[in-house]
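Q: Quick note, the sequences are listed as chains A and B, same order.
Quick note, the first sequence lines up with residues 0 to 276 if you use numbering that gives the first Met the number 0.
Quick note, the second sequence lines up with residues 0 to 137 if you use numbering that gives the first Met the number 0.
We treat Cβ as the ideally placed atom computed from N, Cα and C, and that holds for glycine.
Quantities reported herein were computed from a predicted structural model and do not represent experimental measurements.
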Amino acid sequence: MTPLLFTLIVASTSYLAGLLGSLVGVGGGIIVVPILTLFLGVDIQHAIAASIISVIATSSGAASSYVRSHVANLRLAMVLEIATAAGALSGAFLAILISPRWLFVLFGSVLIYTAWSMSKRKDSVNITLPPDPLADRLRLHGSFYDPATRSEVSYRVTRTKLGFAVSYIAGIVSGLLGVGGGIIKVPVMNLAMGISIKACTATSNFMIGVTAATSAAVYFMRGEVQPFIAAPVAIGVLLGAKTGARIMGHLKNDLIRWIFVVVLILTSIQMLAKGLR
Amino acid sequence: MKAPQSPTGSIYDIESVISNLLWWGVLASLLLIGIGTLLCFVHSNDYGVHGGNTSDLQALIRPEAVMSFTLAGFFHGLVSGQGQSLIISGLILLIATPVLRVAISVVTFAVEKDWAFVVITSIVLLLLVFSFFLGKIG
């Protein structure tokens with residue numbers, strides 16, 4: 000295979016990864032890293048570094064409109080971002096201490112968790128929300144205008160400290176494995192912190208870019224971002240995600256989601272196998 | 000159907016402008032990366048001549064392939080139209096975009112006199128800036 004062919008293959012598969020990812024609500028990184036490492040013979044450190052770059056692109060590309068329309072909760076994002084960014088730094092540093100084998104195992108585990116999380120029914124759970132003086136003091140509660148229902152949606156934020164702790168873990172996963180980490184944060188924000196689901200995904204989308212930039216800086220200065228690999232990944236994933244967002248309304252999401260769950264499980268088995276062999 | 004106006008009008012207008020800057024930053028960086036990649040293949044032959052061959056590919060993706068980044072080499076590469084340097088400039092811009100976004104938030108919170116959040120956002124900014132230096136050491 001020549002570098003030219005490699006670049007074209009990586010760009011097109013990254014495009015598909017971004018497209019599929021945005022349809023089911025995950026980042027392209029979850030798909031890109033296995034493809035690069037399992038099928039294209041790329042070293043996992045380079046794959047993770049390239050993936051984290053694409054995460055910045057996708058997040059920044061989408062987040063602008065979320066922040067502008069206030070669906071993303073900027074204040075909450077900044078508070079949690081202290082934890083996520085610290086986690087990302089921790090993760091990026093752990094990455095050189097952990098041997099590549101274990102990165103495969105960890106990645107496979109995160110894929111299983113993602114498959115499980117996606118297969119659960121997303122019911123709106125009516126939970127009693129305990130009061131949170133910290134959220135009150137920092138005025139984290141939010142509201143936004145939902146064009147779908149043409150009404151103002153208000154929500155109160157609770158269990159901020161739990162959100163903080165989970166954000167730190169999500170940050171580690173992001174910095175260590177080159178993924179967004181939203182799949183860990185969003186369920187907690189929605190189910191435990193009482194935040195309306197659209198605000199969760201929008202806020203998470205915005206946060207992910209900042210988190211990824213933190214670990215990307217570390218990878219970049221360490222020289223692990225290979226332009227040859229990162230360039231087609233970044234462009235492909237962003238274009239795919241943008242396309243996915245556009246066609247999202249026209250497709251039946253459930254079938255795609257189940258196909259994705261199956262693919263995730265198969266991929267995670269392969270990643271685990273590669274790490275544990 | 001337009002969304003209702005936000006109470007503190009002018010601050011949120013600034014936020015609108017900033018949000019657009021985020022998007023333009025991403026677009027600009029991707030253009031640099033795209034053009035840089037093109038140059039690599041057709042001009043500066045960073046990836047081997049005429050699309051390269053199999054051993055060129057192996058050299059590019061082997062685990063030990065570390066992108067040695069020196070400012071001098073980078074600027075020299077930019078001036079001579081070396082594709083990789085252009086890609087690297089795009090990557091730097093891409094990583095810097097969220098950093099700039101957070102920095103601007105520090106200012107907007109200061110304008111709103113929301114000192115708790117000036118502190119909170121500054122901590123995030125510090126972590127981001129720190130990551131560049133920690134990366135140098137690590």
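Alpha carbon to alpha carbon, how far is B:S79 from A:H45? Give it in angstroms, no decimals.
A: Looking at the two C-alpha atoms, the distance is approximately 27 Å.
Q: Mind pulling the chain B residues with CB within less than 7 Å of A:G208?
A: The contacting residues are P97.
Q: What residue does the alpha helix (DSSP H) around B:D55 start on, and which one ends it?
A: Start and end: T53 to I60.
Q: Report the residue ranges of all beta strand (DSSP E) runs contained in full by the segment 74-156 of chain A; include only those spanning at least 3 residues, in chain order.
A: Segments of the beta strand (DSSP E) lying fully in the segment 74-156 of chain A: 141-145 and 150-154.
Q: Go ahead and pull the three-state DSSP assignment for A:G179.
A: Reduced to three states, the DSSP call for A:G179 is coil.
Q: Verify whether the separation of the beta carbon atoms of B:W22 and A:G181 is less than 8 Å.
A: Contact flag unset, no.
Q: Residues of chain B with CB closer than 7 Å to the CB of A:A201, please, in chain order.
A: Those do not exist, as A:A201 stays about 12 Å from chain B at its closest Cβ, beyond 7 Å.
Q: How would you list, in chain order, the residues of chain A whose beta-carbon sits under 9 Å from the beta-carbon of B:F40?
A: Within 9 Å Cβ-Cβ: P2, L3 and T6.
Q: So with CB distances below 8 Å, who are the chain B contacts of A:V232?
A: Ordered by position in chain B, no residue passes the 8 Å Cβ test against A:V232, which lies about 10 Å from the chain.
Q: With C-beta atoms as the reference, is A:A16 less than 8 Å away from A:N204?
A: Result no, Cβ atoms of A:A16 and A:N204 do not sit closer than 8 Å.
Q: Assuming contact is defined by CB atoms lying nearer than 8 Å, are A:I43 and A:P99 in contact in what I supplied?
A: Cβ distance < 8 Å, so A:I43 and A:P99 count as in contact.
Q: Does the beta-carbon distance from A:V224 to A:I55 come in below 8 Å?
A: Against a cut-off of 8 Å, the Cβ pair of A:I55 and A:V224 comes out as no contact.
Q: If you measure between the beta carbons of A:I234 and B:L29, is that distance less than 8 Å?
A: Yes, the pair counts as a contact, with Cβ atoms nearer than the cut-off.
Q: Mapping the DSSP letters down to three states, classify B:Q4 as helix, strand or coil.
A: Confidence at B:Q4 is low in this model, with a pLDDT of 46, below 50, so its placement is unreliable and the value that follows should be read with caution. Coil.
Q: Taking C-alpha atoms, which residue in A:D131, A:A169, A:T148 and A:Y144 lies nearest to A:R155?
A: Nearest option by C-alpha distance: A:D131.
Q: Any beta carbon of chain B sitting closer than 8 Å to that of A:P186?
A: No, no contact with chain B.
Q: Residues in the segment 125-142 of chain A with C-beta within 9 Å of chain B's C-beta atoms, listed in sequence order?
A: From the segment 125-142 of chain A, only R136, L137 and R138 have a Cβ closer than 9 Å to chain B.
Q: Check the Cβ of B:W114 against every Cβ in chain A and list those closer than 9 Å, keeping chain order.
A: Going along chain A, no residue has its Cβ under 9 Å from B:W114, so there is no contact; the nearest lies around 12 Å.
Q: If I'm right that A:G107 touches A:S267 with Cβ under 8 Å, what's the distance once you round it to whole angstroms?
A: With a Cβ gap of about 4 Å, A:G107 and A:S267 count as contacting.
Q: What does B:I94 reach in chain A if we use C-beta pairs closer than 7 Å?
A: Near B:I94 (Cβ distances below 7 Å), the residues of chain A are I55, A212, A215, A216 and F219.
Q: Among A:K160, A:A229, A:L238 and A:I196, which residue has its Cα nearest to the Cα of A:V365?
A: Residue 365 of chain A is absent from the model: chain A starts at 0 and stops at 276.
Q: So, is the C-beta of B:V106 closer than 8 Å to a C-beta in chain A?
A: With 8 Å as the cut-off, B:V106 does not count as an interface residue toward chain A.
Q: If I measure Cβ to Cβ from A:L175 and keep anything under 6 Å in the same chain, skipping five residues before and after, which residues do I get?
A: G90, L93 and A94, listed in sequence order.
Q: Taking B:I122 as the query, report the chain A residues whose CB atoms sit under 8 Å from its CB, ordered along the chain.
A: I81, listed in chain order.
Q: Starting from A:M206, trace the alpha helix (DSSP H) both ways and give me its first and last residue.
A: From DSSP, the alpha helix (DSSP H) with A:M206 extends over I196 to M220.
Q: Under 8 Å between C-beta atoms, does B:I32 make it to chain A?
A: Taking Cβ atoms only, chain A reaches closer than 8 Å to B:I32, which makes this a yes.
Q: Within the same chain, show all residues whose beta-carbon is closer than 8 Å to that of A:L39, passing over the 5 residues directly before and after it, in chain order.
A: Once the five neighbours on either side are set aside, the close Cβ partners of A:L39 are F5, I8 and V9.
Q: Show which residues of chain A have a CB atom less than 7 Å away from the CB atom of B:V101.
A: Result: V209.
Q: Just to confirm, is the Cβ distance from B:I32 to A:A230 under 8 Å?
A: Yes, Cβ-Cβ distance for B:I32 and A:A230 is below 8 Å.
Q: Closer than 8 Å, CB to CB, is B:L21 near chain A or not?
A: Chain A, which has a Cβ nearer than 8 Å to the Cβ of B:L21, makes this yes.
Q: Quick check on the burial criterion: 16 or more other C-beta atoms within 10 angstroms. Buried or exposed for B:M0?
A: Annotation note: pLDDT 39 at B:M0 (below 50); position unreliable, no value reported.
Q: Please classify B:Q4 as buried or exposed, where buried requires at least 16 other C-beta atoms within 10 Å of its C-beta.
A: Bear in mind that a pLDDT of 46 at B:Q4, under 50, signals an unreliable position, so the model cannot answer this.
Q: Does the beta carbon of B:V25 sit closer than 8 Å to a beta carbon anywhere in chain A?
A: So, interface residue.
Q: Check each candidate in A:V152, A:L19, A:M220 and A:F227 and name the one with the smallest Cα separation from B:A58.
A: Per the Cα distances, A:F227.
Q: Under 8 Å by Cβ, that's how I've got B:S84 and A:V217 pegged, so tell me the actual separation to the nearest angstrom.
A: About 21 Å separates the two Cβ atoms, so there is no contact after all.
Q: Contact criterion: CB-CB distance below 8 Å. Does B:L29 meet it with respect to chain A?
A: Closer than 8 Å to some Cβ of chain A, the Cβ of B:L29 qualifies, so yes.
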